[in-house]
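Residue numbers (the numbering used here): 809 to 1046. Ideal Cβ positions, reconstructed from N, Cα and C, are used throughout, including at glycine. Since the structure comes first, as structure tokens, the remarks are kept for the end.
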């Protein structure tokens, strides 16, 4: 296929599930044609390309790395190939680029310069967790990471709970995987008994995926171990 000059937003896998289980064939067709990529993690991106397209010409491709260590002054230069008419792809480390992802910075520049941006279909852990939670999917907010220190995190959780009750809003956040169990424990003793808590872990993995919604009081009694597993947290106050 012949690609038009555009910034293609390329979702990638969330787990070790077969690529064909989580990405449409169109995405793979587009990947085959691209040779310029803006990626969050170079090693992860190369591994994904090799898995998606065995024999992909990695050495013949150009990669720009965009993450928290990238000089902001350099980001605009990543779009130079696209300015010269060369189709360019953007890939996150996991899931959808531009959503809780530094790729949004280069997408903002592309939009400002009226460069064509084409988002492709793929897995978003945030939306999949919301879909599976049973919570309000018309009014929700994603907060990224909550404060690290426990008193600050507990205070934030109570604020999110109060807002959820007041606005009928689903609250969504993520955590560093090795703190997952402590976060669940803190939620179970900080939130009101009837407040619902959903833990969505290892999404799209056919063997490890879990999406569990229970009242905070039930989480206090439940045995669990989510440490070191990619997990999304949701709460909804009744």
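(request) On a CA-only basis, which of 849, 812, 988 and 1006 is nearest residue 896? Give me that one, please. (result) Its Cα nearest to that of residue 896, the residue 812 stands out among 849, 812, 988 and 1006.
(message) Under 8 Å, with one C-beta from each stretch per pair, do the stretch 1020-1027 and the stretch 925-932 reach the 3-pair mark?
(response) Here the stretch 1020-1027 does not lie against the stretch 925-932, with fewer than 3 beta-carbon pairs under 8 Å apart.
(request) Starting from residue 914, follow the alpha helix (DSSP H) in both directions and report where the run begins and ends. (result) Where residue 914 is concerned, the enclosing alpha helix (DSSP H) stretches over 912-920.
(message) What does DSSP give as the partner residue(s) for residue 927 in the beta ladder?
(response) Answer is 817.
(request) To the nearest angstrom, report how far apart residue 1050 and residue 966 are at their CA atoms. (result) No answer is possible for residue 1050: the residues shown for the chain start at 809 and end at 1046.
(request) Give the secondary structure of residue 852 by DSSP, where H, G and I count as helix, E and B as strand, and everything else as coil. (result) Residue state, collapsed to three classes: helix.
(request) Examine the ligand HEM and report whether any of its heavy atoms sits within less than 7 Å of the Cβ of residue 826. (result) The ligand HEM is not among the ligands present in this structure, which contains no ligands whatsoever.
(message) Can you check which of these residues, 1030, 1012, 1041 and 1017, is closest to residue 829 by C-alpha distance?
(response) Nearest C-alpha to residue 829: 1012.
(message) I need the straight-line Cα distance from residue 935 to residue 943, nearest angstrom please.
(response) Between the alpha carbons of residue 935 and residue 943 lies a distance of about 11 Å.
(request) Measure from the alpha carbon of residue 843 to the alpha carbon of each residue in 822, 814, 827 and 1030, then state which is nearest. (result) Nearest of 822, 814, 827 and 1030 to residue 843, Cα basis: 814.
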